[in-house]
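*Asks:* Got a structure here, written out as structure tokens. Questions coming.
Numbering (this note's numbering), first residue to last: 6 to 888.
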């Protein structure tokens with residue numbers, strides 16, 4: 006090889022590396038079957054053709070655009086792939102002859118190379134403009150065709166996946182067969198088209214030019230697609246061809262690809278009109294139950310019962326107090342109470358006064374509570390002395406100082422029906438700017454959801470709901486109102502206990518027939534012992550993706566008697582807007598989110614707000630009665646997500662940034678997020694808010710928060726930039742003073758700078774693995790029991806035993822309710838003990854747990870090297886924590 010040839014090869018190499026300088030994009034085809042771990046060659050083929058008129062029009066287009074029919078067909082194929090994958094970064098492989106040197110012309114044999122052609126079919130580009138781009142890029146690529154594909158793969162070193170090809174999963178081949186060369190006098194000669202039983206790629210479009218005809222066929226991987234899907238692709242392709250022939254300048258986003266039959270599916274899917282008895286607010290529906298059954302039990306709390314009439318009286322007194330203080334329609338009232346009867350009476354009273362309530366969790370840090378009330382501009386708050394110090398502006402209804410609220414109401418009844426468009430509540434969720442944003446929900450929206458929920462979940466049977474989740478979490482709205490508007494009972498569980506301890510208490514009480522919870526709660530439930538599987542009959546699950554395996558485990562746990570509903574809906578769509586009942590026969594990885602509820606419409610759209618085909622991942626847009634009135638005082642945010650509905654004149658739809666796919670047998674199946682927002686244990690979290698809080702420290706200049714997926718449970722990792730490493734315990738404590746616990750990361754990784762890609766974006770692949778800090782030498786486990794406990798902790802926390810110290814707090818190491826339950830079960834299984842979840846709150850360090858187990862006589866006295874000093878240290882820590 007001469008120096009000039011080496012220089013030329015280096016030019017080719019440099020060109021192809023520049024094409025993939027920012028990485029190799031993956032193509033997300035709408036598969037019918039899960040991609041096998043190891044790619045196989047099972048294939049199928051479907052043939053089709055274009056009419057003579059269509060071929061002639063495409064040839065004319067090629068001539069006018071100074072391109073070739075190859076380039077026109079390649080462009081059309083790219084448009085198809087872009088639409089069915091909802092992507093605008095496409096790599097298509099194509100075969101070239103490979104005889105790029107004159108010395109190769111006389112030689113026989115295969116001289117074929119495969120080129121990875123990368124194009125960007127953007128929706129705001131006309132087809133003719135895109136064709137020009139394809140032409141230029143194709144010609145440029147052909148100039149560098151001599152560089153072997155294998156060498157390029159070695160240069161790029163893409164992450165290898167045995168289920169895929171290295172650089173591309175789709176091919177385009179073009180054959181130009183000269184029929185005159187096959188002419189034999191007296192015989193009709195046609196090329197033999199073999200049936201493909203093998204497919205090296207996911208999808209290959211082959212175009213065969215035979216004189217004035219074009220014969221086309223799709224070769225497909227049979228382990229990924231069924232033939233009906235490929236037939237749909239052909240229909241889409243033909244519609245694209247017709248649209249381009251009709252208007253060469255058509256915008257790619259304006260091409261109508263879906264046939265009328267599929268457009269009609271959208272209409273049928275959203276046929277959810279339900280008028281019922283007409284609009285009545287939840288206060289009026291509650292009052293109907295008071296009149297019908299005044300002595301029936303409405304609330305249970307710590308063994309005491311409150312009737313519907315008593316609850317009505319308490320709420321009337323709250324409404325009277327607020328009205329006398331000048332609170333009325335259009336005002337917002339903060340509610341800062343634990344889960345107790347006055348919480349319910351307070352909320353009903355606020356609604357009766359004509360105002361809307363703003364719920365805040367009593368566990369929130371004081372500055373977050375103040376920030377929410379400040380942003381909402383609340384005119385009054387309802388609270389108790391224990392929390393009253395967190396807000397001292399405006400009207401304060403302190404229940405500890407208002408004994409007269411227990412008296413018979415003397416004022417006229419508050420029976421005014423609020424307008425459907427007036428606000429019922431404002432719930433604050435995480436905000437990317439570092440400030441929470443308030444979602445405004447109207448009375449009509451609340452009434453629509455609650456009346457649907459009663460029909461779907463309650464029916465005609467008596468029901469007992471349990472209220473065990475945060476009042477600041479809109480998931481709780483179901484348990485709060487559904488029983489009270491249907492004449493049923495609500496059991497209140499205060500926050501004395503939390504997480505797994507509280508859930509165990511709820512289950513062992515055997516009171517509740519219906520529970521609302523997150524999938525994280527359901528995972529905990531799956532690891533608990535159920536005292537009586539016949540009591541709880543309905544589980545409503547919402548807030549994050551529900552794995553089928555978890556639903557199956559719980560369903561089996563209850564002997565198949567419990568109904569499990571997967572409810573989907575962002576806060577901006579009033580609690581829930583879609584629902585699906587788990588079916589053990591379903592063959593899906595995650596329980597679908599199903600179909601729209603009454604008077605709600607769901608659309609799966611691409612980035613240009615076009616409907617995506619069945620099986621194609623699209624973004625969820627929501628419309629209907631349940632759409633929020635917007636974010637309180639945040640017009641800057643409203644314009645971007647509350648937008649005109651192009652499918653219904655005059656209506657508004659909400660852009661959720663969630664993604665899903667439609668499958669005929671399941672409705673919608675949730676896939677993930679388009680933006681950086683994450684969901685963890687049912688809570689919506691803006692990572693930027695956590696980073697913004699951390700960067701308020703003078704010693705932290707930058708921070709990035711990522712959600713890491715683990716086999717058993719996802720968790721948050723914080724990567725921060727500082728001059729020197731900071732204590733994870735200090736950072737965790739700092740954030741806990743400013744954010745709810747569910748937003749505090751589990752792990753903290755120090756960096757001197759954030760790694761960036763060549764385009765200046767965060768390079769997540771270059772971030773180091775998270776790990777706990779090494780335990781101090783004097784706190785390493787010394788006894789056999791301590792070492793075994795440390796190993797259990799390490800397994801549960803995903804850590805190394807060297808990182809577990811005997812004086813380290815389980816929760817400071819990233820422990821949470823789910824991990825706590827798993828840890829206790831592991832200890833009991835390993836040591837054959839009867840440790841309770843609640844014991845860990847008293848003995849949160851390994852040394853204390855070991856002492857407790859020995860003190861209970863559950864295990865034998867440990868090694869002689871137990872160490873008196875270790876025991877004294879433990880006692881000192883317990884005294885400091887008040888355990």
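Every residue gets a Cβ at the ideal spot worked out from N, C-alpha and C, and that includes glycine.
All values derive from a computational prediction rather than experimental measurement.
How would you label residue 211, buried or exposed, when you count the other beta carbons within 10 angstroms and need 16 or more for buried?
*Replies:* Taking all protein chains in view, the Cβ of residue 211 is crowded by 16 or more other Cβ atoms within 10 Å, so the residue is classified as buried.
*Asks:* Once the 5 residues before and after residue 452 are set aside, which same chain residues still bring their CB inside 7 Å of it?
*Replies:* 284, 285, 286 and 287
*Asks:* Take every Cβ of the stretch 610–620, pair it with every Cβ of the stretch 419–437, and state whether three or more of those distances are shorter than 8 Å.
*Replies:* no
*Asks:* Alpha carbon to alpha carbon, how far is residue 813 from residue 850? Give it in angstroms, no decimals.
*Replies:* 6 Å
*Asks:* Helix, strand or coil for residue 601? Go by DSSP, reduced to three states.
*Replies:* DSSP places residue 601 in strand when its eight states are reduced to three.
*Asks:* Excluding the five sequence neighbours on either side, which residues of its own chain have a C-beta within less than 8 Å of the C-beta of residue 583, listed in chain order?
*Replies:* 572, 573, 574, 598, 599, 600, 601, 602, 605, 607, 672 and 673
*Asks:* Alpha carbon to alpha carbon, how far is residue 471 from residue 533? Give it in angstroms, no decimals.
*Replies:* 18 Å
*Asks:* Go through the stretch 706–774 residue by residue and report every complete run of the beta strand (DSSP E) that reaches 3 residues or more, in order.
*Replies:* 707–713, 720–726 and 752–756
*Asks:* Tell me which residue opens and which closes the beta strand (DSSP E) that residue 33 is part of.
*Replies:* Note, residue 33: premise wrong, no beta strand (DSSP E); not H, not E.
*Asks:* Under 6 Å Cβ to Cβ from residue 505, same chain only, skipping five residues before and after it: list those, please.
*Replies:* 529, 822, 825, 826 and 842
*Asks:* Report the residue ranges of all beta strand (DSSP E) runs contained in full by the stretch 225–278; include only those spanning at least 3 residues, in chain order.
*Replies:* Counting only runs of 3 or more, we get nothing.
*Asks:* Restricting to Cα atoms, I'd like to know which of 837, 710, 830 and 769 is closest to residue 753.
*Replies:* 710
*Asks:* Nearest-angstrom Cα distance between residue 465 and residue 518?
*Replies:* When rounded, the distance between both Cα atoms is 13 Å.
*Asks:* When you compare the stretch 656–664 with the stretch 629–638, are there three or more beta-carbon pairs, one atom per stretch, that lie closer than 8 Å?
*Replies:* Yes: at least three Cβ pairs fall under 8 Å.
*Asks:* Among residues of its own chain, excluding the 5 on either side of residue 513, which ones have a beta-carbon nearer than 7 Å to its beta-carbon?
*Replies:* 536
*Asks:* Judging by CA-CA distance, which residue of 543, 404 and 427 is the nearest neighbour of residue 458?
*Replies:* 543
*Asks:* If I measure Cβ to Cβ from residue 313 and keep anything under 7 Å in the same chain, skipping five residues before and after, which residues do I get?
*Replies:* Setting aside the 5 residues that flank it on each side, residue 313 is surrounded in the same chain by 294, 295, 298, 299, 301 and 303, each with a C-beta closer than 7 Å to its C-beta; the list follows chain order.
*Asks:* Look at the alpha carbon of residue 590 and the alpha carbon of residue 620, and state the distance between them as a whole number of angstroms.
*Replies:* 20 Å
*Asks:* In terms of residues, what are the limits of the beta strand (DSSP E) holding residue 453?
*Replies:* That residue, residue 453, is in no beta strand (DSSP E); its alpha helix (DSSP H) goes 448–458.
*Asks:* What separation, rounded to the nearest whole angstrom, lies between the Cα atoms of residue 847 and residue 811?
*Replies:* 15 Å
*Asks:* Can you list, in chain order, the stretches of the beta strand (DSSP E) that have 3 or more residues and sit fully within the stretch 39–116?
*Replies:* 48–54 and 95–101
*Asks:* Look at the Cβ atom of residue 428, then the Cβ atom of residue 634, and state whether they are nearer than 8 Å.
*Replies:* yes
*Asks:* Among residues of its own chain, excluding the 5 on either side of residue 493, which ones have a beta-carbon nearer than 6 Å to its beta-carbon?
*Replies:* 468
*Asks:* What span of residues does the alpha helix (DSSP H) with residue 124 cover, start to end?
*Replies:* Boundaries for residue 124: no alpha helix (DSSP H) harbours it, while the beta strand (DSSP E) harbouring it runs 118–124, taken from the DSSP string.
*Asks:* Could you work out which residue in 560, 757, 713 and 221 is closest to residue 728 when comparing CA atoms only?
*Replies:* 757
*Asks:* Along the chain, which unbroken stretches of the beta strand (DSSP E) at least 3 residues long are found entirely within the stretch 582–653?
*Replies:* 583–586, 605–610, 623–629 and 647–649
*Asks:* Tell me whether residue 15 sits in a helix, a strand or coil according to DSSP, three-state version.
*Replies:* helix
*Asks:* Starting from the C-beta of residue 14, find all residues in its chain whose C-beta is less than 7 Å away, skip the five residues before and the five after it, and write them out in chain order.
*Replies:* Same-chain partners within the cutoff: 152.
*Asks:* Distance, Cα to Cα, residue 234 vs residue 267?
*Replies:* If I take the Cα positions, the gap works out to 13 Å.
*Asks:* Would you please state the rounded distance, in angstroms, between the beta carbons of residue 679 and residue 664? I believe it to be under 8 Å.
*Replies:* That belief holds up - the Cβ atoms of residue 679 and residue 664 are roughly 6 Å apart, short of 8 Å.
*Asks:* Leaving out the 5 sequence neighbours to the left and right, which residues in its chain are closer than 7 Å to residue 21 when beta-carbon positions are compared?
*Replies:* 149, 152 and 157
*Asks:* Give me the residue from 318, 434, 332 and 413 with the minimum Cα distance to residue 374.
*Replies:* Of the candidates 318, 434, 332 and 413, the one whose C-alpha sits nearest the C-alpha of residue 374 is 434.
*Asks:* Just checking, does the stretch 363–373 make contact with the stretch 727–746 on the three C-beta pairs under 8 Å criterion?
*Replies:* The stretch 363–373 makes contact with the stretch 727–746: 3 or more CB pairs, one atom from each, lie closer than 8 Å.
*Asks:* Using the rule of at least 16 other Cβ atoms within 10 Å of the residue's Cβ for burial, across every protein chain shown, is residue 269 buried or exposed?
*Replies:* exposed
*Asks:* Enumerate in chain order the residues of its own chain whose CB-to-CB distance from residue 796 is below 7 Å, with the five nearest sequence positions on each side excluded.
*Replies:* Taken in chain order, the residues that qualify are 806.
*Asks:* In or out: residue 115 buried (at least 16 other Cβ within 10 Å) or exposed?
*Replies:* Confidence at residue 115 is low in this model, with a pLDDT of 39, below 50, so the placement of that residue is unreliable and no value is reported for it.
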